[in-house]
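In the working numbering, the protein residues as written are 120 to 192.
Think of the CB as a built atom: it goes at the ideal place given N, C-alpha and C, for glycine as much as any other residue.
Okay, structure first, notes after.
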Amino acid sequence: MTPVGLEPARFASWLDNRLRQYVETNQLGEVLVEAGFLLKRRPDTVRAPDVAFLSAARVPSTHMEGFFPGAPD
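See the structure below:
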């Protein structure tokens, strides 16, 4: 993945910080940065948004290797 410039990185950092505070305070799930999401197989389609949210119901309860199967919330 190509690195982003300074301003997009600042915005992603700001957004991650704000979302994380709200999500953790309200126990809504997890906020992730640059995590890979496997959207489709054969051929594999993986996307890695700058910031993503997974609701508590979808957060894996055990250690998980590889990309998350499906799109973020």
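Beta-carbon contacts of residue i that lie in its chain and below 7 Å, excluding the five residues immediately before and after
i, result
"ARG166", "PHE156, LEU158"
"PHE186", "GLY155, PHE156, LEU157, VAL165"
Identity of the residues DSSP links to residue i by a beta bridge
i, result
"PHE194", "Since the first residue shown for the chain is 120 and the last is 192, residue 194 is missing from the structure and cannot be characterised."
"PHE187", "PHE156"
"THR164", "LYS159"
Environment of residue i [buried if 16+ CB atoms lie within 10 Å]
i, result
"LEU173", "buried"
Given residue i as reference, the closest of the options once Cα atoms are compared
i, options, result
"ASP163", "PRO188, ARG137, SER132", "PRO188"
"ALA175", "LEU138, ARG160, GLN146, GLU126", "GLN146"
"ASP134", "SER180, VAL170, VAL178, PRO191", "According to the sequence displayed, residue 134 carries Leu and not Asp. Checking every option, the nearest Cα to that of LEU134 belongs to VAL170."
Cβ shell of residue i (< 6 Å), same chain only, five flanking positions each side left out
i, result
"GLU153", "ALA167"
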